[in-house]
Amino acid sequence: MRSNSLARSVAGVALVIGISAGGLAGAGFAAPQPTAGAGAAEAGDVGVRAVNNLGLSTQQAKYVQCFLRVESTYTGAIDGALGNGSWAAMQRHLAAYWGYPANQIDGAVGPNTLKALQRMLAYGYGYSGSIDGLDGPKTRAAFARFANDQRGYC
5 MRSNSLARSV AGVALVIGIS AGGLAGAGFA APQPTAGAGA AEAGDVGVRA
55 VNNLGLSTQQ AKYVQCFLRV ESTYTGAIDG ALGNGSWAAM QRHLAAYWGY
105 PANQIDGAVG PNTLKALQRM LAYGYGYSGS IDGLDGPKTR AAFARFANDQ
155 RGYC
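In this text, residue positions in the sequence shown follow our numbering: the first is 5, and each later residue adds one.
Written out as structure tokens, the structure reads:
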């Protein structure tokens, strides 16, 4: 018994000394380091790249982007991430047909974008909530119905 507790004590002291010296601390752990590549900011890249799919899956967002490529001015990637370019194209579409202020096209999903989107969704996609500019469950459900209806554009 005595040699067993002595061995544990020696092992514990060695562990503490190794950790304090940093020898064992890095042996089994390596923190991920940021690397340049996809998603990394490049020199001169200062724009905000917010993605807001309003609850859509990646595939549903691709359907919306395909729709925007044909029915609006979207020229970006069909990647399933509704970012500023996708939303600016949607705002142009909403400005043409659903009362979005044409002088406020900025690619950001704010109350005016949501109100115009809700007007469009109330027309043919089962939105039954108020036109309040809020991103609630009824808006998200109707936007999903809209997205699914656009799969023929892809």
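Just so it is clear, CB atoms sit at the ideal spot from N, CA and C, and this is done for glycine as well.
These numbers come from a predicted model, not from an experiment.
* I109 to G103 span [Cα, whole Å] -> Taking the sequence shown and counting its residues from 1, the one referred to as residue 109 is at position 105. Taking the sequence shown and counting its residues from 1, the one referred to as residue 103 is at position 99. Near 12 Å, if we compare the C-alpha coordinates of G103 and I109.
* Which listed residue (H97, G114, L138, F147) has its alpha carbon closest to that of G128 -> Here residue 128 refers to the residue found at position 124 when the sequence shown is read from its first residue. When only C-alpha atoms are compared, the closest one is F147.
* Would you give the residue range spanned by the alpha helix (DSSP H) that T143 belongs to? => Walking along the sequence shown from the start, residue 143 turns up at place 139. Its alpha helix (DSSP H) spans residues 141-153.
* Compare the Cα-Cα distances from P115 to each of G87, G140, Q64 and report the closest residue. => One-based indexing of the sequence shown puts residue 115 at position 111. If we check each option's Cα against that of P115, G140 comes out closest.
* Asked: Taking the continuous alpha helix (DSSP H) assigned at S90, which residues delimit it?
  -> Looking up residue 90 in the sequence shown gives position 86. Here the alpha helix (DSSP H) through S90 covers 88-101.
* To do: Measure the Cβ-Cβ separation of Q95 and A151 and say whether it is below 8 Å.
  => What you label residue 95 is simply residue 91 of the sequence shown in a count that begins at 1. What you label residue 151 is simply residue 147 of the sequence shown in a count that begins at 1. No, they are not a contact pair.
* **C-beta contact flag for S132 and K119 at 8 Å** => Numbered from its first residue, the sequence shown carries residue 132 at position 128. Numbered from its first residue, the sequence shown carries residue 119 at position 115. No.
* Asked: Roughly how many angstroms separate the alpha carbons of L60 and R144, rounded to a whole number?
  -> The count along the sequence shown starts at 1 and reaches residue 60 at position 56. The count along the sequence shown starts at 1 and reaches residue 144 at position 140. Going from the Cα of L60 to the Cα of R144 covers about 8 Å.
* **T62 - DSSP class collapsed to helix/strand/coil** => For this step, residue 62 is matched to residue 58 along the sequence shown. In this structure, T62 counts as helix in the three-state DSSP scheme.
* Asked: CB-CB under 8 Å to V55, same chain, minus the five flanking residues each way: which ones, in chain order?
  -> Against the sequence shown, residue 55 aligns to sequence position 51. Contacts found: A85, L86, G87.
* Own chain partners of L58 with C-beta closer than 8 Å, once the 5 adjacent residues on each side are dropped -> In the sequence shown, counting from the first residue as 1, residue 58 sits at position 54. Cβ neighbours of L58 beyond the five flanking positions: L86, V113, D139, T143, R144, F147.
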